[in-house]
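For the protein sequence lines, the chains are A and B, in the order given. Under UniProt numbering, think of the first position of the first sequence as 1, with each following residue one higher. Under UniProt numbering, think of the first position of the second sequence as 1, with each following residue one higher. Backbone N, C-alpha and C define an ideal beta-carbon position, used for all residues, glycine too.
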Amino acid sequence: MNKWIFAFTMMLCLPSWLAYGKEYTLILKDHLFYPAEIKVPANKKLRLLIDNQDNTPEEFDSFDLNREKVLYPGRTSVIYIGPLSPGRYDFFGEFSPNTARGTVIATEDKNADN
Amino acid sequence: MLITSLLMSINQLLPVVILAVLLSLIVPLSQRQVLIHSMVGIAVSLLFVQGAAWVSQLFQHRGLEFIQMLLCVVIFVAALISCRHSKVAAAVALVATMALYLSHYMIYLVSFWHSKDAAEPLLLGTFLGVGICISFGVLLFFLLESIVRRAGCQPLIVLLALNATAKLLILLDLASQIDVLDITSNYLDWRGFVVENSELGRVLKALLGYEATPSKTALWVYAIATIVFLVLARVLNVKHTKEPVCGS
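Below, the structure is given as structure tokens:
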């Protein structure tokens, strides 16, 4: 019985694992995001690691991606995004919106960053 | 920093003011009760801010999202029970909303307070933001009061349903953000219609939970949860009293 439950669970999880994309790292330093533009594959789920190297908190905010997360100083935060249709998705630091800005560009696989 | 403080305070305070206005008309709450609940809400938000950095490290760095998701559920349920004219439920909804929204602004205030030359624009921006939100709240109060006089309590219940359901959209985004929920359906793009960071977009977001790029899952949840809220609110209200006391 347990084998069947395990197999059923694996079956349910399989589409999600197949659709899973890569991991991307963003660094926040001096209230700027590095890199400011990330090219990612469209239609894949992605893991975004954000390392806040400033000594003040920041809030990662994106109306386009529907994401909002406080980034505590000296800590790494994790945000999952996607699957995204091809296009540009802006994000910014809500506490420093004039400087901390960036864009996720969802493109076909061959054009995406490694 | 002045503009950032102003925008931040409006973004975080407007949803609180809108819910306070709705609850003060539906339950109804007196000005004194709203003031007391606001004080409690500020105290709870401060506690939340104190523990936020520690909580954020729990559950594989997903603790903060779990707490925020819990707050969203509490707001939805408490807003629903408030339709039964329960003052306790209204207080819980208001305090939870303040903890959800104001804590962000408090983190901002506490972090930048000691920065060089930051105190003045921070204070000025906050006062301006609070003033704008209170002005908006007063206007909304009189607008909704006139609607209650003409059409009764039902339009307010519908508005509260949409407002409370919007918190479930926040929950969906948070769950998707920490990979608890797999939202695989494509996102719709309404950025050509109303951009979320425009003036109208911000008001619609605070009032009804407008999202410029919602997922199809979010739209389904929004529609179904609103209907469930309205049906349950009607059932609760009928069981509690035959005559609605909205606005009295």
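Between the options, which lies nearest to residue i when the distance is taken from Cα to Cα?
i: residue 160 of chain B; options: B:50, B:94, B:214, B:139; result: B:94
i: residue 10 of chain B; options: B:177, B:179, B:128; result: B:128
i: residue 82 of chain A; options: A:45, A:92, A:41, A:91; result: A:45
i: residue 61 of chain A; options: B:235, B:206, B:177; result: B:177
i: residue 145 of chain B; options: B:23, B:4, B:16, B:1; result: B:23
i: residue 235 of chain B; options: B:131, B:120, B:157, B:137; result: B:157
i: residue 29 of chain A; options: A:73, A:87, A:108; result: A:73
i: residue 63 of chain B; options: A:78, A:42, A:58, A:55; result: A:78
i: residue 74 of chain B; options: B:166, B:189, B:27, B:104; result: B:166
i: residue 82 of chain B; options: B:117, B:164, B:191; result: B:164
i: residue 162 of chain B; options: B:26, B:59, B:207; result: B:207
i: residue 76 of chain A; options: A:51, A:23, A:37; result: A:51
i: residue 181 of chain B; options: B:192, B:210, B:168; result: B:168
i: residue 237 of chain B; options: B:147, B:85, B:47, B:202; result: B:85
i: residue 40 of chain B; options: B:91, B:30, B:153, B:12; result: B:91
i: residue 147 of chain A; options: A:33, A:36, A:26; result: Outside the displayed span of chain A (1 to 114) sits residue 147 of chain A, for which this structure offers no information.
i: residue 4 of chain B; options: B:119, B:140, B:229; result: B:119
i: residue 7 of chain B; options: B:114, B:115, B:198, B:117; result: B:198
i: residue 183 of chain B; options: B:209, B:214, B:150; result: B:214
i: residue 104 of chain B; options: B:228, B:227, B:179, B:51; result: B:51
i: residue 43 of chain B; options: B:58, B:205, B:96, B:60; result: B:96
i: residue 84 of chain A; options: A:39, A:34, A:33; result: A:39
Mind checking whether residue i and residue j have CB atoms under 8 Å apart?
i: residue 78 of chain B; j: residue 89 of chain B; result: yes
i: residue 70 of chain B; j: residue 16 of chain B; result: no
i: residue 65 of chain A; j: residue 92 of chain A; result: no
i: residue 106 of chain B; j: residue 38 of chain B; result: no
i: residue 125 of chain B; j: residue 2 of chain B; result: yes
i: residue 112 of chain B; j: residue 123 of chain B; result: no
i: residue 106 of chain A; j: residue 80 of chain A; result: no
i: residue 190 of chain B; j: residue 212 of chain B; result: yes
i: residue 25 of chain B; j: residue 133 of chain B; result: no
i: residue 55 of chain B; j: residue 67 of chain B; result: yes
i: residue 42 of chain A; j: residue 101 of chain A; result: no
i: residue 18 of chain B; j: residue 140 of chain B; result: yes
i: residue 49 of chain A; j: residue 23 of chain A; result: yes
i: residue 232 of chain B; j: residue 47 of chain B; result: no
Since residue i and residue j are thought to touch, with beta carbons under 8 Å apart, how far apart are those beta carbons, to the nearest angstrom?
i: residue 63 of chain A; j: residue 65 of chain B; result: That belief does not hold up - the Cβ atoms of residue 63 of chain A and residue 65 of chain B are roughly 18 Å apart, past 8 Å.
i: residue 225 of chain B; j: residue 137 of chain B; result: With 8 Å as the limit, residue 225 of chain B and residue 137 of chain B do not qualify as a contact, their Cβ atoms being about 25 Å apart.
i: residue 31 of chain A; j: residue 103 of chain A; result: Wrong, their Cβ atoms sit about 17 Å apart, outside the cutoff.
i: residue 87 of chain B; j: residue 29 of chain B; result: 7 Å
i: residue 194 of chain B; j: residue 200 of chain B; result: 6 Å
Compile a chain-ordered list of the residues in the region 111-124 of chain B whose CB is closer than 8 Å to at least one CB of chain D. The question asks about chain D, but that chain is absent: this structure's protein chains are A and B.
Threshold first: 3 residues or longer. Then list the beta strand (DSSP E) segments lying entirely within the region 66-151 of chain B, N to C. Counting only runs of 3 or more, we get nothing.
Should the region 162-172 of chain B be called in touch with the region 205-219 of chain B, which here means at least 3 C-beta pairs below 8 Å? Between the region 162-172 of chain B and the region 205-219 of chain B there are three or more inter-stretch CB-CB distances shorter than 8 Å, so the stretches are counted as touching.
Meets three-Cβ-pair contact criterion under 8 Å: the region 46-60 of chain A and the region 92-101 of chain A: Enough Cβ pairs lie closer than 8 Å, so yes.
Entirely enclosed alpha helix (DSSP H) segments - the region 197-227 of chain B, minimum 4 residues: For the alpha helix (DSSP H) assignment, the uninterrupted runs of no fewer than 4 residues enclosed by the region 197-227 of chain B are, from N- to C-terminal side, 199-208.
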